[in-house]
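Number of protein chains: 2
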Amino acid sequence: MTVPTPATHRLVELLEAECWDLLTGAVTGRLVWNGPDGPTAMTVNHQLDGHDVLLRSTPYGSIGREVDDSSVAFQADQVDPVEHAGWSVLLRGRAEFDYDASAVPVEVWPEGRRSLLVRIRPTSISGRRLLP
Amino acid sequence: MTVPTPATHRLVELLEAECWDLLTGAVTGRLVWNGPDGPTAMTVNHQLDGHDVLLRSTPYGSIGREVDDSSVAFQADQVDPVEHAGWSVLLRGRAEFDYDASAVPVEVWPEGRRSLLVRIRPTSISGRRLLP
């Protein structure tokens, strides 16, 4: 029986305002959904439009096939692996495909067209910080 | 109608061996599951035991209450927000609570006991790299 390394870092809940600030400052996060192959997370760059999370994808990829009008989460975090410190934010909501791409321009990183705009309308947000 | 920024970065599928190398080198990732409140992702530090992913948690938290003997994913990534490059790996499998904590010591970062060892037995792994 091994004894786990003792830890001294405190885990605290974030205020809602802090969660929004961190999500706004993050450049990428993960779209999380329950697909036909089980729980799935995909790293994407995103942008906020008010409190909606926007991201671009292709209509024929797994996001395009699996997330329209469904319950999803958007997760962002930042970890310092040396200090054992960091934060994470989890937004829950409903994903809609938005065909009015004029709302907010979302930058496209990979080559190829990403004509699908996914809008997540939030229902809750929470986050935690691990203090160094 | 805004025109999305043209992108020149190529997205390529990773070989399985590359996925394992990246997951082994990563210090943290996200446990992903479908809980009673919907799709959920939680940032955790992990360790590999062969091809099983191990992590520690508390028996009374959401992981302890929601993921035993269920379909989960474990996701890790690394993104360079300036170069618009990076990689992501998604492992799918089944989570089991492992009461034989002697298997592999998994470091505990936050203070407090994390007596629950979660073992993910993989069923598939895949990954992608966005080239700069």
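Taken in sequence, the protein lines are chains Y and E. Each residue of the first sequence is one higher than the last, beginning at 0 in numbering that gives the first Met the number 0. Each residue of the second sequence is one higher than the last, beginning at 0 in numbering that gives the first Met the number 0. Backbone N, C-alpha and C fix where the C-beta goes; we use that ideal spot for every residue, glycine too.
- The residue from Y:Ser87, Y:Thr39, Y:Leu54 and Y:Leu129 with its alpha-carbon nearest to that of Arg120 of chain Y is Y:Leu54.
- Within the stretch 51-78 of chain Y, the residues whose Cβ lies closer than 8 angstroms to some Cβ of chain E are Arg55, Ser70, Val71, Ala72, Gln74, Asp76 and Val78, listed in chain order.
- Against chain E, the beta carbon of Pro109 of chain Y has neighbours under 8 angstroms at Ala6, His8, Arg9, Leu10 and Leu129, listed in chain order.
- One Cα belongs to Glu65 of chain E, the other to Trp32 of chain E, and the distance between them is close to 8 angstroms.
- Counting only runs of 4+ residues, the alpha helix (DSSP H) found wholly inside the stretch 5-57 of chain Y occupies 15-24, in chain order.
- Cβ neighbours of Ala75 of chain E within its own chain (closer than 6 angstroms, five residues either side excluded): Leu22, Ala25, Gly28 and Val88.
- In the three-state reduction of the DSSP assignment, Glu65 of chain Y falls in the helix class.
- Using a CB distance below 8 angstroms, the part of the stretch 18-35 of chain E facing chain Y consists of Val26, Thr27, Arg29, Val31, Trp32 and Asn33, ordered along the chain.
- Taken in chain order, the whole beta strand (DSSP E) runs of length 3 or more contained in the stretch 81-121 of chain Y are 84-97.
- With contacts defined as CB atoms closer than 8 angstroms, Trp86 of chain E and Arg112 of chain E fail to qualify as a contacting pair.
- At a cut-off of 8 angstroms between C-beta atoms, Leu89 of chain E counts as an interface residue with respect to chain Y.
- Nearest Cα to Leu116 of chain E within the set E:Glu95, E:Ser123, E:Glu12 and E:Ala16: E:Glu95.
- Less than 8 angstroms separates the beta-carbon of Leu13 of chain E from that of Gly126 of chain E.
- The straight-line gap separating the alpha-carbon atoms of Gly60 of chain E and Leu30 of chain E is approximately 13 angstroms.
- Judged by their CB atoms, His8 of chain E and Trp19 of chain Y are not nearer to each other than the 8 angstroms cut-off.
- Residue contact with chain Y for Ala40 of chain E: present (Cβ-Cβ distance below 8 angstroms to some residue of chain Y).
- Contacts between Gly37 of chain Y and chain E, judged by CB atoms closer than 7 angstroms, involve Ser70, Ala72 and Arg91 in chain order.
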